[in-house]
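One structure is given below, encoded as structure tokens.
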Amino acid sequence: MFEKEYDVIVVGGGHAGAEATAAAANMGSSTLLVTMNLQTIGQMSCNPAMGGIAKGQIVREIDALGGYSGIVSDKSAIQFKMLNKSKGPAMWSPRAQNDRMRFAEEWRMALENTPNADFYQEMVNGLLIEGDRVVGVKTSLGLEIRAKAVVLTNGTFLNGLIHIGEKQLGGGRAGEKAATGITEQLVGLGFDSGRMKTGTPPRVDGRSLDYSKMIPQPGDEKPEKFSYLNTPVLKTQRDCHMTHTSKLVHDLLREGFERSPMFNGRIKSIGPRYCPSIEDKINRFADKDSHQIFVEPEGWNTVEVYVNGFSTSLPEDVQYKALKSVKGFEHVKFFRPGYAIEYDYFPPTQLKHTLETKLVNNLYFAGQINGTTGYEEAASQGLMAGINAHLKINENEPFVLKRDEAYIGVLVDDLITKGTEEPYRMFTSRAEYRTLLRQDNADLRLTPKGYAIGLAKEERLKRMEEKMNKSESFIDFFRRTSYTTDEINPILESLNSSLVKQSDKLFKVFSRPKVTMDHMLQLESVSEFVNKNELDTEVLEQAEIQVKYSGYIEKEKTNADKLQRLENVRIPDDFDYSKLKSLSYEAREKLQSIQPVTISQASRISGVSPADISVLLVYLGR
């Protein structure tokens, strides 16, 4: 069946596997996606939404590089919101509610229309290893499929175990069996592995809910989208709703704690800190009598509803009794109960920045196998693994994004350098250069890089260059054009802002905190320039941010340039830290284990102090 050798085999068809397949295939590698169920490619296993705080920035970065997640999200969206608009633009984060079935369908269609991509449905239960290199995979039917590189994106399926109260079921997702064999082989090769936990809430029948008792959560009046390409903008949207738990609900849930696998010791692994189960929230925040519940429709036409905020592994009878006491859920009908799932992962300090393993050449890990949580984090890793697998087998330079270039760069560097002992989730606070890494400029930052490696198409580059040129031209217009006191003072007076006594450049008055683009468009010279040059909303937003935050942006660029000097100080491969007795014991141990590539990476390792870095710099002649 498989006489030819593939360039890249991707194992697993979730968000990481789908992006890895698309990236490698679009760059020209013959790529085979092997997954246990072709009907669940791109499946939203948990909530039917993409984006959110920092996650929305990642989706835009994937899109800017030439990935598919933003396009698929736009085509299947049922609601769009820009979160954190009350804060500065570094915090703005796009989020979409999606039609779960359409999302998976769009992913399947996108991949089937990707040249060089083949598909096969079966379980991979082993790797073909020759020497220190992976050369293919072995399936449960005994087929051996050879490849130059393999990307593992197994999600929660490696020895997956589902918990519902005192019941345990083997599985990687409700209704799907677990994947076996790979963990045992990798451990035999010398890899360290661990266990993590995640969970999901009940799915219920929307016809059984009383929405009149809940608070509507509509989308934005003027919805935007994820992709920088010409994907559709929503003309109509579906509302979500919000309700709350109560002291009664908490008391009913507590009655089942002794039967909870989280409290009776059945679950021994660590769950996501920032997306805790309802029983974990009640336990950790005992002083709170209520928690928010977001009621999210699963699609345009289905009546299935996702109960966001009620993730649980309690017995199904306890779930049902407690949820019936939530306002609006008095007559709730379950489609399926919530559950927790434990699965194997591999601490990501065993990887290089390309996501290639240090122990086995041409073997890449991406997604939850690396200890992350979330569709967006997984998809970005899949994209980077697919890119680097293609580049490696074609003997090209690796593609690594730095921390000041992308949230994806922060994510990968955090994983490789610091590792993680709990499911890793991206936040804006993890990025020290978040003023530079905004959702609005991901295309300006990354599309030229995506084009240079052969992933982003010329259409993307032209759209980005047009946006950049128009934005720069508009900003230059503000720098060289003056206002008159007669036209600007009425606007400033309406804003209770200090009036001006003489004419000056538009750039200066536009920099004031209260003055917005809408105010500037009231000036005849500005509106004429906008109409004459056909500037769209994206260009107006980009220009406004660049004008109002120019000082912060320049300061952050300067800081990034200073730290970049340490990135340029490389540490020799297989450096023996044991001979540097001036290093602390912890630093020697951590550095020897992680083998950082640069001094900058070494400085970010937990337990490595500034004094240890000074020792390294002296030894390296710096």
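The end of the sequence shown is residue 613 by the working numbering, with every number in the run present. Built from N, CA and C at the ideal position, the CB exists for glycine as well. Being a predicted model, the structure only gives us computed values, none of them experimental.
query: Which of the three DSSP states, helix, strand or coil, is assigned to residue 0?
result: Strand at residue 0.
- request: Just mark residue 83 as buried or exposed, buried being the case when its beta carbon has 16 or more other beta carbons within 10 Å.
  value: In this structure residue 83 is buried. Its beta-carbon is surrounded by 16 or more other beta-carbon atoms within 10 angstroms.
task: Flag this pair as touching only if the stretch 302 to 319 and the stretch 153 to 162 have three or more C-beta atom pairs under 8 Å; answer yes or no.
output: Cβ pair count under 8 Å is three or more, so yes.
- prompt: For the candidate residues 451, 459, 282, 259, whose alpha-carbon lies nearest to that of residue 222?
  reply: Residue 222 has its Cα closest to that of 451, out of 451, 459, 282, 259.
field: Inter-residue Cα distance where the pair is residue 509 and residue 487
entry: Distance between the alpha carbons of residue 509 and residue 487: 16 Å.
- request: Identify which residue in 65, 168, 370 has its Cα closest to the Cα of residue 225.
  value: Looking at 65, 168, 370, the one whose alpha-carbon comes closest to that of residue 225 is 65.
- prompt: For residue 167, which option in 190, 59, 28 has the closest C-alpha, if you only look at C-alpha atoms?
  reply: Minimum Cα distance to residue 167 is reached at 28.
message: Here's the rule I'm using: 16 or more other beta-carbon atoms within 10 Å means buried, otherwise exposed. How should residue 390 be labelled?
response: Around the beta carbon of residue 390, 16 or more other beta carbons sit within 10 angstroms, so the residue counts as buried.
message: Assuming contact is defined by CB atoms lying nearer than 8 Å, are residue 286 and residue 205 in contact in what I supplied?
response: Yes; because the gap between Cβ atoms is below 8 Å, this pair is in contact.
query: Is residue 389 helix, strand or coil when you go by DSSP?
result: In the structure shown, residue 389 falls within a coil segment according to DSSP collapsed to helix, strand and coil.
message: Using C-beta distances below 7 Å, list every residue in its chain close to residue 322, excluding the 5 sequence neighbours before and after it, in chain order.
response: Sequence-distant Cβ neighbours of residue 322 in its own chain, meaning closer than 7 Å and more than five residues away, are 199.
message: Please classify residue 291 as buried or exposed, where buried requires at least 16 neighbouring CB atoms within 10 angstroms.
response: Classification of residue 291: exposed, given that the 10 Å Cβ count is below 16.
message: Relative to the C-alpha of residue 142, which candidate in 51, 412, 357 has its C-alpha closest?
response: Closest by alpha carbon: 357.
message: Applying the 10 Å Cβ sphere with the 16-neighbour rule, what's the burial state of residue 25?
response: Residue 25 counts as buried, since no fewer than 16 other beta carbons sit within 10 angstroms of its beta carbon.
query: By Cβ distance, which residues of its chain are closer than 8 Å to residue 515, with the 5 residues on each side in sequence left out?
result: Listed in chain order, the non-local C-beta contacts of residue 515 below 8 Å within the same chain comprise 478, local neighbours out to five positions each way being set aside.
message: Quick check: what's the CA-CA separation for residue 342 versus residue 100?
response: If you take the alpha carbons of residue 342 and residue 100, they lie about 32 Å apart.
message: Taking DSSP's pairing of strands, which residues face residue 42 in a bridge?
response: Beta-bridge analysis with DSSP links residue 42 to 86.
message: Quick check: the Cα distance between residue 360 and residue 152, rounded to an integer number of angstroms?
response: The alpha-carbon atoms of residue 360 and residue 152 are separated by roughly 15 Å.
message: Could you compute how far the alpha carbon of residue 195 sits from the alpha carbon of residue 296?
response: Straight-line measurement puts the Cα of residue 296 at about 5 Å from the Cα of residue 195.
task: Give the range of the beta strand (DSSP E) segment to which residue 160 is assigned.
output: It spans 158 to 161 - the beta strand (DSSP E) in which residue 160 sits, taken as one unbroken run.
task: Quick one: grab the DSSP three-state call for residue 264.
output: Assignment of residue 264 by DSSP, reduced to helix, strand and coil, places it in the coil class.
- prompt: Hey, which unbroken runs of the alpha helix (DSSP H) at 4 residues or more fall wholly within the stretch 307 to 338?
  reply: Uninterrupted alpha helix (DSSP H) stretches at least 4 residues long and entirely within the stretch 307 to 338 occur at 307 to 314, given in chain order.
- prompt: Under the rule that 16 or more other beta-carbon atoms within 10 Å means buried, what is residue 38, buried or exposed?
  reply: Looking at its Cβ environment, which holds 16 or more other Cβ atoms inside 10 Å, residue 38 is buried.
- prompt: Who does residue 294 pair with in a DSSP beta bridge?
  reply: Beta-bridge annotation (DSSP): residue 294 is not paired with any residue.
- prompt: At a cut of 8 Å, does the stretch 184 to 193 reach the stretch 262 to 272 through at least three beta carbon pairs?
  reply: A contact is defined here as three or more CB-CB pairs under 8 Å, and the stretch 184 to 193 meets this definition with respect to the stretch 262 to 272.
- prompt: Looking only at DSSP bridge pairs, what is residue 37 linked to?
  reply: BP columns for residue 37 are empty, so no partner.
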